[in-house]
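>
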Amino acid sequence: MLSVQEALDFLLAAAKPLTGTEVIDTLAANGRVLAADQTSLINVPPMDNTSMDGYAVRAADCKLPEVTLAVSQRIPAGQVGTLLAPGTAARIFTGAMIPPGADAVVMQEMCELHKDPGGDRVTVRHAPVSGEWVRRAGEDIRAGSVILPAGTRMRAQEMGLAASVGLASLPVVRRLRVAVFFTGDELAMPGEELKPGAIYNSNRFSLRALLENFGCEIADYGIVPDTLEATRDTLRRAAQDNDLIITSGGVSVGEEDHIKPAVEAEGKLNMWQIAVKPGKPLAFGEVSRRQAGTAGDANGSGAAWFLGLPGNPVSSLVTFMLFVRPFILRLQGDIRCAPRAVTMRADFAWPKADRRNEFLRARINAAGGLDLFPNQSSGVLTSTVWGDGLVDNPAGATIAQGDQVRFLPFDGLLY
7 MLSVQEALDF LLAAAKPLTG TEVIDTLAAN GRVLAADQTS LINVPPMDNT
57 SMDGYAVRAA DCKLPEVTLA VSQRIPAGQV GTLLAPGTAA RIFTGAMIPP
107 GADAVVMQEM CELHKDPGGD RVTVRHAPVS GEWVRRAGED IRAGSVILPA
157 GTRMRAQEMG LAASVGLASL PVVRRLRVAV FFTGDELAMP GEELKPGAIY
207 NSNRFSLRAL LENFGCEIAD YGIVPDTLEA TRDTLRRAAQ DNDLIITSGG
257 VSVGEEDHIK PAVEAEGKLN MWQIAVKPGK PLAFGEVSRR QAGTAGDANG
307 SGAAWFLGLP GNPVSSLVTF MLFVRPFILR LQGDIRCAPR AVTMRADFAW
357 PKADRRNEFL RARINAAGGL DLFPNQSSGV LTSTVWGDGL VDNPAGATIA
407 QGDQVRFLPF DGLLY
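Take the sequence shown: its position 182, counted from the start at 1, is 188 in this note's numbering, and no numbers get skipped.
#1: Taking the continuous beta strand (DSSP E) assigned at Leu75, which residues delimit it?
#2: Report the rounded CA-to-CA distance for Ala19 versus Phe333, giving the unit in angstroms.
#3: How big is the Cα-Cα spacing for Gly374 and Met350?
#4: Looking at the strands, I want to know which residues DSSP matches up with Thr349.
#5: The beta strand (DSSP E) that contains Lys445, what's its start and end?
#6: Tell me the residue span of the alpha helix (DSSP H) that contains Phe509.
#7: What number of angstroms, rounded off, separates the C-alpha of Trp392 from the C-alpha of Arg342?
#8: Who are Cys117's beta bridge partners in DSSP?
#9: Would you report the Cα separation of Glu199 and Leu193, rounded to the nearest angstrom?
#10: To the nearest whole angstrom, what separates the beta carbons of Ala62 and Ala96, a pair I think is in contact under 8 Å?
#11: If you follow the beta strand (DSSP E) that Leu24 is part of, which residue opens it and which one closes it?
#12: Any heavy atom of the ligand ATP closer than 6 Å to the CB of Leu213?
#13: Following the continuous alpha helix (DSSP H) through Leu167, name the residue where it begins and the one where it ends.
#14: Tell me, to the nearest whole angstrom, how far the beta carbon of Ala236 is from that of Val257; I am working on the premise that it is less than 8 Å.
#15: Are the C-beta of Arg242 and some C-beta of chain C separated by less than 7 Å?
#16: Spell out the partners DSSP gives Asp146 in its beta bridges.
#17: Which same chain residues end up closer than 8 Å to Gln410 when comparing Cβ atoms and leaving out the 5 residues on each side of it in sequence?
#18: Relative to the C-alpha of Leu173, which candidate in Val152, Ile104 and Asp398 has its C-alpha closest?
#19: Measure the beta-carbon distance from Arg180 to Leu337 and round it to whole angstroms, keeping in mind my assumption that it falls under 8 Å.
#20: Taking just the CA atoms, how far does Phe99 sit from Ala304?
#21: What is the rounded straight-line gap between the Cα of Gly302 and the Cα of Asp226?
#22: According to DSSP, which residues form a beta bridge with Lys283?
#23: DSSP on Ser9, reduced to helix/strand/coil?
#24: On a CA-only basis, which of Gly125, Met195, Phe329 and Ser294 is nearest Thr74? Give me that one, please.
#25: Measuring alpha carbon to alpha carbon, tell me which residue in Glu270, Asp377 and Asp109 is nearest Trp311.
#26: Relative to the C-alpha of Lys22, which candidate in Leu335, Lys358 and Asn363 has its C-alpha closest?
#27: For Asp377, which of Arg367, Leu47, Ser383 and Ser384 has the nearest alpha-carbon?
#28: Determine the contact status of Val184 and Ile224, defining contact as a CB-CB distance below 7 Å.
#29: Under 6 Å Cβ to Cβ from Ala42, same chain only, skipping five residues before and after it: list those, please.
#30: Thinking just about the alpha-carbon of each residue, which of Leu182, Gly228, Phe220 and Glu292 is nearest to the one in Met195?
#31: Between the segment 47–54 and the segment 159–174, do at least 3 Cβ pairs fall closer than 8 Å?
#32: With a Cβ-Cβ cutoff of 7 Å, do Lys283 and Arg369 count as a contact?
#33: Check each candidate in Glu272, Tyr206 and Glu218 and name the one with the smallest Cα separation from Leu234.
#34: For Gln385, which residues from the same chain have a beta carbon less than 6 Å from its beta carbon, with the 5 sequence-adjacent residues on both sides left out?
#35: Taking only the alpha-carbon atoms, compute the straight-line gap between Ala244 and Ile251 and give it to the nearest angstrom.
#36: Phe416: which of Trp139, Pro357 and Leu323 sits nearest, CA to CA?
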């Protein structure tokens with residue numbers, strides 16, 4: 007069996023980023039991956055402006071602890087002031103452009119306004135330094151600088167940054183086309199009668215949600231009968247128009263497990279078993295395309311990539327997070343493939359070592375440590391809802407209470 011790192015290295019070396027791109031409105035770019043560097047054509051902020059409501063002044067006029075100045079103008083945000091004469095102040099509001107001649111802003115809490123028939127005056131009870139409460143032009147972004155490199159996945163903060171420099175459209179990598187299907191005659195859909203020996207197909211819901219999180223186009227072939235012929239037929243159809251095929255179930259070595267021989271008959275299997283718990287039977291390979299001119303060619307070899315996940319719901323979820331997620335990110339050209347990992351204190355003991363790399367469902371407790379879900383079975387899906395992430399326990403390792411462990415939060419694995 008391959009180690010987790012060996013398997014991950016193998017997958018990422020095989021994945022070649024998609025080449026197709028499209029230009030879309032920036033408002034529609036959430037979750038998409040940039041296909042090219044994005045450069046700002048403007049400074050941000052575009053002009054010196056105030057970060058505080060108050061009075062724009064010449065610092066040289068306010069060297070005394072208290073000075074009274076004539077209020078010569080009023081400058082709301084969006085309006086441009088005139089030259090500030092010596093010995094005067096301008097009433098100014100957050101975001102407004104600093105008028106020529108002014109070099110500092112005194113916040114309004116340090117000023118007292120006097121309404122006089124001959125004109126307003128303000129007493130300034132603070133001696134500002136030049137530049138106080140002034141945001142300089144270009145202090146955030148300089149014109150000509152790259153603000154978002156190719157391979158950036160657009161989130162709320164990247165969306166705002168693109169808009170802040172006036173980018174109305176963005177070049178993005180085309181959506182990854184992913185086919186999914188699920189094997190097992192015992193599977194039923196919610197809403198159907200649950201016959202003796204049957205179980206509901208939870209993996210269909212989990213995997214589709216994960217693929218939606220990564221902005222994939224999904225072709226769902228549903229539940230496929232547990233026969234070699236039906237599995238091969240579905241693989242052939244799925245390969246024609248998709249970059250990647252993901253299945254759940256049927257990847258072990260039982261008489262009713264048809265994924266491995268079906269993939270070998272329709273293409274080739276490059277990797278099969280991994281020393282990971284849960285999720286040992288993970289299959290990786292290719293399914294050949296039989297028709298010329300079909301859509302998508304993720305690996306440049308006339309084939310669709312194939313990833314077969316275990317049928318147990320926790321195994322399916324964990325192997326997606328550990329292997330499918332980075333593989334999809336690499337295909338999409340996303341520069342952030344590695345999951346976020348933190349070191350945390352184990353407030354539990356795990357005295358029995360396993361020859362496989364274990365990923366234990368755990369939750370952060372009020373004391374800042376980790377509690378372990380009591381049942382770590384690969385069929386206990388409640389552990390993934392209860393937990394905050396996975397403890398990465400290396401092969402052959404035990405954990406004593408108080409040990410520092412590597413923790414992978416779910417929020418860094420599901421998006």
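We treat Cβ as the ideally placed atom computed from N, Cα and C, and that holds for glycine.
With the structure as the only source:
#1: Val73 to Ile81
#2: 9 Å
#3: 8 Å
#4: Arg412
#5: With the chain represented from 7 up to 421, any question about residue 445 goes unanswered, as that position is not in the structure.
#6: For residue 509 there is no data in the structure shown, the boundaries of the chain being 7 and 421.
#7: Between Trp392 and Arg342, the C-alpha separation is close to 27 Å.
#8: Val130
#9: 11 Å
#10: 4 Å
#11: Neither: Leu24 is in no beta strand (DSSP E) and is coded neither H nor E.
#12: Within the structure as shown, the ligand ATP is missing, as the structure has no ligands at all.
#13: Where Leu167 is concerned, the enclosing alpha helix (DSSP H) starts and stops at Ala162 to Ser170.
#14: Approximately 16 Å separates the beta-carbon atoms of Ala236 and Val257; this is outside 8 Å, ruling out the contact.
#15: No chain C is part of this structure, which consists of one protein chain only.
#16: According to DSSP, which records beta bridges pairwise, Asp146 is partnered with nothing at all.
#17: Excluding positions up to five away in sequence, the list reads Thr349, Met350, Arg351 and Ala352.
#18: Val152
#19: Contact doesn't hold; Cβ gap of about 11 Å is too wide.
#20: Any answer about Ala304 is weak, because its pLDDT of 47 lies below 50 and its placement is not dependable; what the coordinates show is given next. So the two alpha carbons sit approximately 54 Å from each other.
#21: Because Gly302 carries a pLDDT of 46, less than 50, the predicted location of this residue cannot be relied on, and no value is offered for it.
#22: Glu364
#23: coil
#24: Gly125
#25: The residue from Glu270, Asp377 and Asp109 with its alpha-carbon nearest to that of Trp311 is Glu270.
#26: Leu335
#27: Arg367
#28: yes
#29: Ala156 and Pro177
#30: Gly228
#31: Because the criterion of three Cβ pairs below 8 Å is met, the segment 47–54 and the segment 159–174 touch.
#32: no
#33: Glu272
#34: Here the sequence assigns Gly to residue 385, which means Gln is not the residue at that position. Excluding positions up to five away in sequence, the list reads Asn318.
#35: 7 Å
#36: Leu323
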